[in-house]
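Read the structure below first, then the notes.
Protein chains in written order, with this note's numbering: chain A, 55 to 439; chain B, 14 to 501.
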């Protein structure tokens, strides 16, 4: 999540609000954070005020205890309708960007697996963040098209996840809601049933599966999850839910990608979409890098076989987080610009690339760790969609 | 203690020291003989690739058993999902009269003026009422004959009445008219177009062969009028609105490639190469029409090669029988093909209503009845209720004896998952519904074709496999684009 630095005043606990760059009438200010460089107005009723100016003591006095962040470093990054939180250390967290297609909320940091390539390792939650998340959803724009629900393992908050799904149904009724899960909890038939009975019109369950056999998958997730994940997939299918399977590729599973594709086709032909994903090499992934790193270019033969296998069988399949210059051209039509814009970068080599605008680029963490084969492509190379 | 547990599997000694292994859900794998022997002797290294392959496809497990059985069961249910629907194919014989006198006529058709072989309105109405009692959500009404167009009034009556019934039933309703196309008129075409009916016709090959096999009752050839009318249907109802079947007689065997080229020339994109069925006239004249099974198989393989080449050269053209078998072998799904089901599709997938109101478990059952043996009559639309027709002891007993899983020889055949059983054919050929596989022509042909298809699958030549898959998915072949990819 994007974090902007500033100097805080009057902030004792985290506040959350929707950005407005225009002043609002006195009675419409609730839940709004006014972003302005004019500090001479009256701010009563706003949840907070942020400014890139420096604030003198005299102005501070007039604030009447309204939370304020001044000297904001990147005020231009924020737009009307974005949702931010302000904390006592002056960190402005961008929780939601109205114009982004990559909005996601983190509903817990706890997890029941411990994946060897996890970029977001599990932590104990101090307290439930569900009330905060529901508040966040309630502030989102009604026109929101997509919201990811992520963790940790979102299903670990149990019934609270149902509350969150309900909040999505109420406040962002047009949004597809993607639940990024390891699927283990969905082996509980009753839980699936209760989720489905919420009758959210546009849920998608993005379930991760890393190998076609139990030991190999379990070694990667460092838990005994394989058969529960499979039961979870079956239960979701039983209720006609839309299911996506996500496969992160690394040194421990690349050799059998085709076998995994066969396994998916024969056991879960009902899945809506399959995504093969390059790794984000931070946190646990960084720690275990010697064990799991493989230059993505080196697994292209296996990836190509797997993707074309599924494509031939009319399965929708995509490739995330991998760059056009290392992907075989037959896979270009499957490559998706999948990296959230706030952490999406390009390398120096990419400056001369004719296809930079069609390419998904890199995670910011990949600056120092990426394929050895990154190189600019000519514009003439035709991009096939 | 055993290092792993084997799960149900069947196998087939394949060419060149290979084994073909098939699991209960129809997933297959090739192994070497050595690997196979190691597997059954519990000597496989559980870290080896072959072990992981076998485990991935649920031939064995070295960890949990119960969840793996559950996965196999799920796949098995998918393969048997045709059982959920109950009868969806409803064949109706509006008349047994026919203006053709085909050499191999299997239904013992009657002359054009024998109007007592026409279906009457009350029979037609009761037939449609029964059809809509089927619990299946999709209903296909297929008009057989005789030549249905000789009694087009009843065809129209049935279509109109079925559509009327469907206003409240709201099933997926389809009509197919199986006709020799010689009697088609502007008016009929217009009607079929308005009711979105498909046409299925017969074309046995080029002029000489077709005329020889399928003359009119007066002895004249029908080729010219049939091909002219195929063109008309294509113009009127569009591409894909008409499909054709051929029946292979002794004279056809040497001409398969010509027959295929004739199909291409007539604008078809598929052919169904069918061997002769031993009913009606075909049974009587087996000496002049029939052939050795080995000869049919040889010609079929040659034909399939020819068809694959046609596809490789850029024309999409399907051999339907191979396509059905490949769908069963290569996908986790089943096909709706009544002849290849276990339990047999008789009555529970397809059923036929004869012109006189008698109901039979399959088209072949009614062919037998036309020839005087009514063993497989289910009853009459006038005298019996739906329950009496479809849930009789007779049907249950017939189905019980038509599960490949427990038929001698079939029970351990590696191709069982892809095959089916036709108890009526067994009865007709061998006098007994369980039948004897050792002497069964159908069994011999199917095994030979399975073996050939698995040879192609084993070879795994990418262009060939792309062709075979394009038949299953009906999706044009995606050619890999070779664009240079240099850096600048």
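Here a beta-carbon is modelled for each residue, glycine too, at the ideal position from N, C-alpha and C.
Assigned secondary structure, residue i (DSSP; H/G/I helix, E/B strand, else coil)
i	result
residue 55/A	coil
residue 359/A	helix
residue 187/B	strand
residue 82/A	helix
residue 131/B	strand
residue 446/A	This structure leaves residue 446/A out entirely; chain A is present only between 55 and 439.
residue 14/B	coil
residue 200/A	strand
residue 463/B	helix
residue 496/B	The pLDDT assigned to residue 496/B is 41, lower than 50, so where the model puts this residue is not dependable; a value taken from the coordinates is nonetheless given after this. In the structure shown, residue 496/B sits in coil (DSSP, three-state: anything other than H, G, I, E or B).
residue 237/B	helix
residue 77/A	coil
residue 148/A	strand
residue 212/B	strand
residue 89/A	strand
residue 11/B	Residue 11/B falls outside the range modelled here, since chain B spans only 14 to 501, and no answer is possible.
residue 72/A	strand
residue 174/B	helix
residue 160/A	strand
residue 219/A	helix
residue 104/A	strand
residue 342/A	coil
residue 165/B	helix
residue 20/B	coil
residue 64/A	coil
Start-to-end residues for the alpha helix (DSSP H) that takes in residue i
i	result
residue 319/B	306 to 325
residue 393/B	Counting along the chain, residue 393/B falls outside any alpha helix (DSSP H), though it belongs to the beta strand (DSSP E) covering 390 to 393.
residue 295/B	293 to 297
residue 325/A	Residue 325/A -> no alpha helix (DSSP H), and no H or E assigned at all.
residue 380/B	376 to 383
residue 153/A	No alpha helix (DSSP H) holds residue 153/A; DSSP gives it neither H nor E.
residue 100/B	No alpha helix (DSSP H) holds residue 100/B; DSSP gives it neither H nor E.
residue 424/A	Premise fails: residue 424/A is in no alpha helix (DSSP H) and is neither H nor E.
residue 255/A	That residue, residue 255/A, is in no alpha helix (DSSP H); it is neither H nor E in DSSP.
residue 287/A	280 to 292
Where the beta strand (DSSP E) through residue i begins and ends
i	result
residue 230/A	230 to 235
residue 480/B	Not the beta strand (DSSP E): residue 480/B falls in the alpha helix (DSSP H), residues 475 to 486.
residue 406/B	Taken as a continuous stretch (DSSP letters only), residue 406/B belongs to no beta strand (DSSP E), being part of the alpha helix (DSSP H) at 406 to 413.
residue 123/A	122 to 124
residue 333/B	No beta strand (DSSP E) contains residue 333/B, which is instead part of the alpha helix (DSSP H) from 333 to 343.
residue 251/A	Residue 251/A -> not in any beta strand (DSSP E); alpha helix (DSSP H) instead, spanning 243 to 251.
residue 363/B	363 to 366
residue 220/B	Unbroken run through residue 220/B is the alpha helix (DSSP H), 220 to 226; no beta strand (DSSP E).
residue 298/A	296 to 302
residue 138/A	137 to 140
Supposed close pair residue i, residue j - CB separation, criterion 8 Å
i	j	result
residue 337/B	residue 350/B	5 Å
residue 279/B	residue 243/B	5 Å
residue 353/B	residue 466/B	Incorrect: roughly 13 Å between the Cβ atoms, too far for contact.
residue 42/B	residue 66/B	6 Å
residue 123/B	residue 229/B	Going by Cβ atoms, the distance from residue 123/B to residue 229/B rounds to 14 Å, so no, they are not a contact pair.
residue 357/B	residue 474/B	Residue 357/B to residue 474/B, Cβ: 35 Å. No contact.
residue 271/A	residue 222/A	With a Cβ gap of about 30 Å, residue 271/A and residue 222/A do not count as contacting.
residue 116/B	residue 240/B	The Cβ separation is near 19 Å, so there is no contact.
residue 375/A	residue 331/A	5 Å
residue 214/A	residue 236/A	Wrong, their Cβ atoms sit about 18 Å apart, outside the cutoff.
residue 430/A	residue 407/A	4 Å
Residues of the stretch 469 to 483 of chain B with a CB closer than 8 Å to any CB of chain A: list them in chain order, please.
Within the stretch 469 to 483 of chain B, the residues whose Cβ lies closer than 8 Å to some Cβ of chain A are 479, 482, listed in chain order.
Anything in the stretch 275 to 305 of chain A with a Cβ closer than 8 Å to a Cβ of chain B? List those residues in chain order, please.
Cβ contacts with chain B: 281, 284, 285, 288.
My parser needs the beta strand (DSSP E) runs of 3 or more residues fully inside the stretch 29 to 96 of chain B; what are they?
Fully enclosed beta strand (DSSP E) runs of 3 or longer: 31 to 36, 41 to 45.
At a Cβ cut of 7 Å, what residues of the stretch 56 to 81 of chain B count as close to chain A, listed as they run along the chain?
For the stretch 56 to 81 of chain B, residues whose beta-carbon sits nearer than 7 Å to a beta-carbon of chain A comprise 65, 66, 68, 69, 76, 77, 80.
Check each residue of the stretch 214 to 228 of chain B: if its Cβ is closer than 9 Å to any Cβ of chain A, include it; give the result in chain order.
Taking 9 Å as the Cβ-Cβ cut-off, the stretch 214 to 228 of chain B has no residue approaching chain A.
Near-chain A residues of the stretch 82 to 102 of chain B - C-beta to any C-beta below 8 Å:
Result list: 83, 84, 87, 88, 91.
Please list, in chain order, the residues of the stretch 186 to 209 of chain A that have any C-beta partner in chain B closer than 9 Å.
Residues passing the 9 Å Cβ filter: none.
Chain-ordered residues of the stretch 233 to 267 of chain A with a beta carbon less than 7 Å from chain B
Listed by position along the chain: 266, 267.
At 3 residues or longer, what runs of the beta strand (DSSP E) sit wholly inside the stretch 232 to 282 of chain B?
Complete beta strand (DSSP E) runs here, min 3: 255 to 261.
Mind listing which residues of the stretch 320 to 349 of chain A have their C-beta closer than 8 Å to chain B's C-betas, in chain order?
Here the close residues are 320, 321, 323.
Interfacial residues, the stretch 29 to 45 of chain B to chain A, with Cβ spacing under 7 Å
Correct list: 40.
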